[in-house]
Structures are given as C-alpha cells and as structure tokens.
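K.L.:
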Amino acid sequence: MGGYFSDIFYGGKSLLVGLSITFREFFKPTVTVQYPYQTLKMSKRFRGHIELLGDDEGKTKCVVCGMCERACPSGCITLGSVSVDIEVDGKIKKKKVLSKYDLDFTRCSLCGQCVENCNFGAIDFSKEYNLASTRKEDFHFNLLERLKRMERLEVKNA
Amino acid sequence: MSLTLLNVIVAVVIAIAFAAVNAAYLVWAERRGAARIQRRPGPNINGPFGLLQPPADGIKLMTKQLMIPGGADKILFMVAPVLAMVPAIMSFVTIPFSEGIVARNMDIGVLMIFAFASMGAMAILFAGWGSRNKYAVMASVRAVSQSVSYEIPMLITAITVIMVNGSMDLKAISLNQAGGFWHWNIFPSLQSPLMPISFIIFFICSLAETNRAPFDLGEAESELVAGFHTEYGSMGFGLFFMGEYANIVIGACLTTILFLGGWGCPFGLFPGVWWFLLKIYLLIATFIWIRWTFPRTTIYGLLNLSWKILIPISLFNLLLTAGLLKVF
Chain A
3 MGGYFSDIFY GGKSLLVGLS ITFREFFKPT VTVQYPYQTL KMSKRFRGHI ELLGDDEGKT
63 KCVVCGMCER ACPSGCITLG SVSVDIEVDG KIKKKKVLSK YDLDFTRCSL CGQCVENCNF
123 GAIDFSKEYN LASTRKEDFH FNLLERLKRM ERLEVKNA
Chain B
17 MSLTLLNVIV AVVIAIAFAA VNAAYLVWAE RRGAARIQRR PGPNINGPFG LLQPPADGIK
77 LMTKQLMIPG GADKILFMVA PVLAMVPAIM SFVTIPFSEG IVARNMDIGV LMIFAFASMG
137 AMAILFAGWG SRNKYAVMAS VRAVSQSVSY EIPMLITAIT VIMVNGSMDL KAISLNQAGG
197 FWHWNIFPSL QSPLMPISFI IFFICSLAET NRAPFDLGEA ESELVAGFHT EYGSMGFGLF
257 FMGEYANIVI GACLTTILFL GGWGCPFGLF PGVWWFLLKI YLLIATFIWI RWTFPRTTIY
317 GLLNLSWKIL IPISLFNLLL TAGLLKVF
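Just so you know, the sequences run in chain order A and B. Residue 131 in the working numbering sits at position 129 of the first sequence; the count goes up by one each step and never skips. Residue 255 in the working numbering sits at position 239 of the second sequence; the count goes up by one each step and never skips.
1) Just by C-beta distance, which residues in the region 308 to 331 of chain B are closer than 7 Å to chain A?
2) With a 10 Å radius around its C-beta and 16 neighbouring C-beta atoms as the bar for buried, classify M211 (chain B) as buried or exposed.
3) In or out: F275 (chain B) buried (at least 16 other Cβ within 10 Å) or exposed?
4) Please name the residues in the region 69 to 98 of chain A whose beta-carbon is closer than 9 Å to at least one beta-carbon of chain B, in chain order.
5) Anything in chain B within Cβ reach of E27 (chain A), meaning under 9 Å, just list it in chain order.
6) Residues of chain A with CB under 9 Å from W305 (chain B), in chain order?
7) Three-state secondary structure (DSSP) at E139 (chain A)?
8) How many Å lie between K46 (chain A) and D126 (chain A) at the Cα?
9) Which bits of chain B does T34 (chain A) rub up against, with CB to CB less than 7 Å?
10) Return the chain-ordered list of same chain residues with a C-beta closer than 7 Å to the C-beta of L155 (chain A), the five sequence neighbours on each side being excluded.
11) Closer than 8 Å by C-beta to T6 (chain B): which residues in its own chain qualify, once you throw out the five before and the five after it? Chain order, please.
12) Can you confirm whether I10 (chain A), when its beta carbon is compared against all beta carbons of chain B, has any partner nearer than 8 Å?
13) Quick check on M17 (chain B): does DSSP put it in helix, strand or coil?
14) Scan the region 90 to 141 of chain A and note each continuous alpha helix (DSSP H) run of 4 residues or more that stays entirely inside, going in chain order.
15) According to DSSP, is A35 (chain B) part of a helix, a strand, or is it coil?
16) Excluding the 5 residues preceding and the 5 following L128 (chain A) in the sequence, name in chain order all residues of the same chain whose CB lies nearer than 8 Å to its CB.
17) Which residues in the same chain have their Cβ closer than 7 Å to the Cβ of W200 (chain B), if we skip the five residues on either side of it in sequence?
18) By a C-beta neighbour count over all protein chains shown, 10 Å radius and 16 as the cutoff for buried, is Q162 (chain B) buried or exposed?
19) Hey, is A31 (chain B)'s beta-carbon within less than 8 Å of any beta-carbon in chain A?
20) Considering only residues of the same chain and omitting the five flanking positions on each side of T246 (chain B), which have a CB-CB separation below 6 Å?
21) Work out the CA separation of P71 (chain B) and L146 (chain A) for me, nearest whole Å.
22) Mark M17 (chain B) as exposed unless 16 or more other C-beta atoms lie within 10 angstroms of its C-beta, in which case mark it buried.
23) Is the beta carbon of C78 (chain A) closer than 8 Å to that of L105 (chain A)?
24) Report the residue ranges of all alpha helix (DSSP H) runs contained in full by the region 82 to 130 of chain B; include only those spanning at least 4 residues, in chain order.
25) Alpha carbon to alpha carbon, how far is I220 (chain B) from Y6 (chain A)? Give it in angstroms, no decimals.
26) Determine which residues share a DSSP beta bridge with D87 (chain A) and list them.
27) State yes or no: is the C-beta of S114 (chain B) within less than 8 Å of the C-beta of I140 (chain B)?
28) Can you give me the Cβ contacts of V86 (chain A) inside the same chain, cut-off strictly under 7 Å, excluding the 5 residues immediately before and after it?
29) Output yes if chain A places a C-beta closer than 8 Å to the C-beta of M17 (chain B); else output no.
30) Quick one: what's L81 (chain A) bridged to in DSSP?
31) Can you tell me which of the three DSSP states T24 (chain A) falls into?
32) Just checking: is the beta-carbon of L233 (chain B) within a distance shorter than 8 Å of some beta-carbon in chain A?
33) Taking the straight line between their C-alpha atoms, what separation do you get for G66 (chain B) and Y297 (chain B)?
34) Among the residues of its own chain, which have a CB less than 8 Å from the CB of L331 (chain B), if the five just before and after it don't count?
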C-alpha cells in the first residue's frame with residue numbers, strides 16, 4: 003500500500019497543473035502570421051538576389067565600371083553599355099551609360115562579392131523571397147527593367 | 017400504432033440530425049480549441065471563423081471512392097462503420113433533454129445506454145479484424161481490452177448513483193435532483209459522501225470509453241498508422257468519426273443526467289433544455305481541453321489505472337453507499 007494514495011494525489015495534482023497551463027494559453031493571443039495574407043518584414047541583413055539602387059531622380063547610380071561582373075565567381079552578371087554625348091561646361095563629352103544589367107539567378111550563390119566590390123553603392127540585396135517557378139528562364143532577371151518598375155511602383159504608392 | 021411508428025421515425029431522424037450536426041461542428045470546435053491552446057488560429061479561411069469547414073470536409077469525404085482492401089473480410093469491413101454509428105444514434109432515443117423532450121422514456125434507460133455503448137467495442141473489433149491489416153488488429157485488440165476494463169468502474173459508479181436515486185429511469189434520476197445544485201448527485205450527501213470521487217471516476221471512464229486522448233490507444237497515430245480505421249477512407253472513415261463524436265455527446269449527456277442534475281438550473285430557476293445543453297457543451301469543452309493537454313498513456317498505464325485505482329475505489333464507494341443507505 004506504500005505510496006498508493008500519495009501517488010494518486012500527486013498524479014492528480016500534476017494533471018491539474020497541466021490543465022491550468024493549457025487553460026491560460028487558451029486565452030493568450032495567437033502568434034501565427036497568416037502567410038499569404040500577411041508577411042513578415044525581412045531583416046536588414048537578409049540576402050535576396052541583387053537589385054540596382056536608384057538615386058533621387060530614380061536613375062541608376064551605376065557607372066558601368068564592370069567590377070561586379072568581374073568579381074562574380076559564378077559569372078551571373080552581364081553588363082551592357084552605350085556611350086552617349088552629354089554637355090558638361092559647354093563642352094561635349096562622351097559618357098558610358100548602363101543599357102543592360104542581367105542577372106542569372108540560377109547560378110548565383112548569394113556570396114555578395116558584387117555588392118562588396120561596387121564603389122558607387124549602385125547595387126544591394128533585395129528583400130525578395132517569393133521566388134518559385136517551373137521555368138528556369140524566370141530566374142534570368144533584367145535588373146534595369148526591375149529598377150524602372152520599382153520606381154513606377156513608388157510613384158504610384160506616394 | 018401508426019402514430020407510434022411516426023413518432024419513432026421522427027425521433028430517429030432528429031437523433032441522426034442532432035448527432036451529425038454535433039459531429040461536424042465538434043470537429044470544428046475541437047480544431048479551433050486545439051489551435052487556441054497551441055496559440056494558432058485554427059481553421060479560419062472558409063466562412064466566418066471557419067464555420068464552413070465542416071460542410072467542406074463532409075463533401076470531400078462523400079465524394080471519395082469507397083475502397084475495400086484485397087483480402088479483407090468484406091461483410092465485416094462494411095458492417096463495422098455502421099455498427100459504430102448505430103448504437104450512438106440509438107442511445108439518443110432515451111436521453112431526456114428536458115421534461116418534455118424525450119423520444120421514448122424507458123424505466124431501464126441507464127441499462128439500455130450501457131448495453132448500446134458496449135457495442136462500440138464490437139465495431140472497433142470488426143473494423144480491425146475485417147481490414148486484414150496488422151496495425152488495425154493490434155489497435156482493435158488494445159481498444160477492446162480498454163473498453164472492457166473501463167466499463168467495469170463506469171458501471172459500478174452508475175450502480176452507486178442508481179442505488180441512491182432508486183431508479184434506472186433517466187428522467188426520474190433528473191427529477192430527483194431538481195431544485196438547486198445542492199440536490200445534484202455530485203454533491204456529497206449523508207448516504208454517499210464520496211459522490212465527487214464517483215463523478216471523477218465516471219468522467220475518466222467516459223473519456224476512456226469514447227477512445228479519446230489521453231486514452232486513444234485504439235487510434236495511436238504515432239505507432240499504429242491510424243489504428244483500427246487505417247484501411248478506411250471516404251464515408252466509412254466519416255462514419256467512424258461521427259460515431260466517436262456522437263459517443264462523446266452521449267457520454268456528456270449521461271454524466272449530466274447522472275451527476276449534474278439533468279436539465280435543472282443550479283439555482284432552481286427556469287429549468288429547461290437550455291441548461292441541459294449548456295451543461296453538456298461545458299463537459300464537451302472539458303473533453304477537448306483534456307485531449308489537447310495530456311499526451312497518450314501507455315497500454316499498461318491505462319490498464320493499471322483502471323484495475324488498480326478506479327475499480328477498487330469505485331467498489332469501495334459502492335459498498336460504503338450500500339451500507340449507509342441501510343443506516344440512514
């Protein structure tokens with residue numbers, strides 16, 4: 003008989019403790035993020051694919067130096083440029099302007115060498131993570147196009 | 017004669033509708049309750065508060081193909097889900113929801129409900145044996161040993177209550193407890209001072225009889241796939257679940273009538289069906305709360321609880337009550 007009644011008593015008590023915990027949890031607010039309807043803001047250090055940053059006028063800061071293209075260990079970045087004539091202090095000068103910035107995200111390992119090597123702060127990681135597709139062509143991004151699209155979105159939201 | 021036949025048909029239809037609606041929405045309540053306890057929202061997409069989830073689940077189950085595994089005992093396999101549902105429906109016939117709302121009052125109501133309740137074990141055994149699946153057989157053997165060992169303390173406590181009230185008629189037992197909570201059977205009296213303990217024993221046994229967690233060894237998803245209904249899909253599975261939830265409602269009804277004064281108000285005001293419904297849904301909420309608090313017991317822990325604790329205490333209680341009834 004040793005411990006028979008104390009077993010029942012302490013066993014029952016521990017069950018009541020458990021019940022009281024779940025009872026309290028029942029009335030606490032839920033912590034779920036309703037994913038398709040709500041999303042979390044990604045942290046500052048999150049590394050999505052790279053994107054071009056615009057200056058105040060929405061133009062790219064890129065001067066087509068090609069450092070990112072050369073730094074990329076996987077060769078994901080392809081730059082293109084055209085030279086245009088601009089007038090500076092009454093003289094006509096030639097200037098290289100970015101005409102193409104293609105990123106092949108299928109091969110990118112998100113190492114960040116391109117961002118590290120950019121001396122003009124023209125590229126940074128985007129916070130995009132909803133990337134899913136059945137075709138690999140969908141991961142060949144035209145970043146110049148994307149910059150324009152983002153600018154338009156910002157104008158619309160403002 | 018024709019009037020009684022009509023009465024029976026109406027009663028059975030109402031019982032089936034009541035059981036089905038309860039089963040559907042108890043699943044919803046259970047999922048919502050479980051989610052709240054785990055700090056999730058639960059089903060909340062279909063309709064307001066996810067209230068259209070049960071019809072959606074029902075339509076999904078009904079549109080699925082009924083599969084019978086090769087080598088199964090076809091008759092037993094088909095009979096089992098029906099046998100799980102029928103006793104639950106039949107038990108509703110004699111349950112008095114209030115003084116006027118009872119399909120057929122019998123002076124052996126308690127006996128009838130226990131007789132039908134014991135058929136539930138049969139359905140599980142048929143399902144396990146008929147599906148020709150070793151997990152299903154193991155689960156059904158477990159479930160039957162569980163049912164058998166928990167029916168004993170349940171019946172002993174029921175006998176204690178019947179002795180105190182001097183009737184097996186559910187309506188008479190309810191009327192005996194009318195007029196305030198101090199008249200209820202759960203309240204200790206001179207004749208049976210251990211009634212609160214009887215109530216706890218009865219409650220534990222009704223949890224175990226309905227095969228619910230923490231006593232859901234018949235299902236034991238983690239070890240036995242899905243237990244006795246591993247091979248069932250479509251509405252066969254649906255019927256097992258409706259049977260389970262209907263049994264929960266029956267268990268709550270029986271606990272209410274035997275211990276909590278049936279349709280009587282705790283303060284003797286406005287007795288009626290609303291008090292009965294309030295009491296059974298509070299009990300069912302407790303069922304759900306318990307299920308999502310405790311993990312599953314082991315099979316020997318389960319049998320030890322019944323044979324070493326519940327049966328001796330309920331037998332002692334029976335003898336004490338019998339003695340005190342003679343004295344007072």
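Idealized CB from N, CA, C, for every residue including glycine.
P.N.:
By the coordinates alone:
1) Hits within the stretch, in order: W308, T309, F310 and I325.
2) If you number the second sequence from 1, residue 211 (chain B) lands on position 195. Flag for M211 (chain B) reads buried.
3) Walking along the second sequence from the start, residue 275 (chain B) turns up at place 259. Of the residues assessed, F275 (chain B) falls on the buried side of the cut-off, its CB having 16 or more other CB atoms within 10 angstroms.
4) Residues: none.
5) Translated into positions along the first sequence, residue 27 (chain A) becomes position 25. Near E27 (chain A) (Cβ distances below 9 Å), the residues of chain B are R52, I53, Q54 and R55.
6) By 1-based counting over the second sequence, the position of residue 305 (chain B) is 289. Simply L21, T24, F25 and F28.
7) Locating residue 139 (chain A) in the first sequence gives position 137, where the first residue counts as 1. Secondary structure of E139 (chain A) (DSSP, three-state): helix.
8) Start at 1 with the first residue of the first sequence, and residue 46 (chain A) comes out as number 44. Start at 1 with the first residue of the first sequence, and residue 126 (chain A) comes out as number 124. About 11 Å.
9) Taking the first residue of the first sequence as 1, we reach residue 34 (chain A) at position 32. R56 and P57, listed in chain order.
10) What you label residue 155 (chain A) is simply residue 153 of the first sequence in a count that begins at 1. There are no such residues.
11) This structure cannot speak to residue 6 (chain B), because chain B is shown only from 17 to 344.
12) Here residue 10 (chain A) is taken as the residue at index 8 of the first sequence, counted from 1. So, interface residue.
13) As a position in the second sequence, residue 17 (chain B) is number 1, starting the count at 1. Confidence at M17 (chain B) is low in this model, with a pLDDT of 44, below 50, so the placement of that residue is unreliable and no value is reported for it.
14) With a minimum length of 4 residues, the continuous alpha helix (DSSP H) runs that stay inside the region 90 to 141 of chain A are 115 to 119.
15) Mapped onto the second sequence, residue 35 (chain B) falls at position 19. Here A35 (chain B) sits in helix by DSSP.
16) Start at 1 with the first residue of the first sequence, and residue 128 (chain A) comes out as number 126. Sequence check: residue 128 (chain A) is Ser here, not Leu. Same-chain partners within the cutoff: G50, H51, I52 and E53.
17) Within the second sequence, numbered from 1, the residue matching residue 200 (chain B) stands at position 184. For W200 (chain B), the CB contacts under 7 Å within the same chain, skipping 5 residues up- and downstream, are Q193, F275, L276 and G277 in chain order.
18) Your numbering for residue 162 (chain B) matches position 146 in the second sequence. Its Cβ being crowded by 16 or more others within 10 Å, Q162 (chain B) is buried.
19) Residue 31 (chain B) sits at position 15 when you count from the first residue of the second sequence. Chain A, which has no Cβ nearer than 8 Å to the Cβ of A31 (chain B), makes this no.
20) Along the second sequence, read from residue 1 onward, the residue named residue 246 (chain B) stands at position 230. Excluding five sequence positions before and after T246 (chain B), the CB atoms of its chain that fall closer than 6 Å to its own CB belong to N149, Y151 and A152, given in chain order.
21) Taking the first residue of the first sequence as position 1, residue 146 (chain A) is located at position 144. Taking the first residue of the second sequence as position 1, residue 71 (chain B) is located at position 55. L146 (chain A) and P71 (chain B) have their C-alpha atoms spaced approximately 50 Å apart.
22) The residue you call residue 17 (chain B) lines up with position 1 of the second sequence. Bear in mind that a pLDDT of 44 at M17 (chain B), under 50, signals an unreliable position, so the number given afterwards is only what the model happens to contain. Burial call: exposed.
23) As a first step, residue 105 (chain A) is located in the first sequence; it is residue number 103 there, counting from the start. As a first step, residue 78 (chain A) is located in the first sequence; it is residue number 76 there, counting from the start. The beta carbons of L105 (chain A) and C78 (chain A) sit closer together than 8 Å.
24) Complete alpha helix (DSSP H) runs here, min 4: 90 to 108.
25) Sequence index remark: in the first sequence, residue 6 (chain A) carries index 4 (1-based). Sequence index remark: in the second sequence, residue 220 (chain B) carries index 204 (1-based). Between Y6 (chain A) and I220 (chain B), the C-alpha separation is close to 19 Å.
26) Here residue 87 (chain A) refers to the residue found at position 85 of the first sequence. Bridge partners of D87 (chain A): A:K96.
27) Looking up residue 114 (chain B) in the second sequence gives position 98. Looking up residue 140 (chain B) in the second sequence gives position 124. No, they are not a contact pair.
28) Counting from 1 along the first sequence, the entry for residue 86 (chain A) is found at position 84. Beyond the five residues adjoining it in sequence on each side, V86 (chain A) comes within less than 7 Å, by CB distance, of K97 and V99 in the same chain, given in chain order.
29) Residue mapping note: residue 17 (chain B) aligns to position 1 of the second sequence, counting from 1. Reliability of the predicted coordinates at M17 (chain B) is poor, the pLDDT of 44 falling under 50, and no value is obtained from them.
30) Numbered from its first residue, the first sequence carries residue 81 (chain A) at position 79. The secondary-structure analysis by DSSP pairs L81 (chain A) across a beta bridge with A:Y103.
31) For this step, residue 24 (chain A) is matched to residue 22 along the first sequence. In the structure shown, T24 (chain A) falls within a helical segment according to DSSP collapsed to helix, strand and coil.
32) Here residue 233 (chain B) refers to the residue found at position 217 of the second sequence. At a cut-off of 8 Å between beta-carbon atoms, L233 (chain B) makes no contact with chain A.
33) For the purposes of this step, residue 66 (chain B) is identified with residue 50 of the second sequence, where counting begins at 1. For the purposes of this step, residue 297 (chain B) is identified with residue 281 of the second sequence, where counting begins at 1. Distance between the alpha carbons of G66 (chain B) and Y297 (chain B): 19 Å.
34) Position 315 of the second sequence, counting from 1, holds the residue named residue 331 (chain B). Sequence-distant partners of L331 (chain B) (beyond 5 residues in either direction) whose C-beta falls short of 8 Å from its own C-beta, in its chain, are I172.
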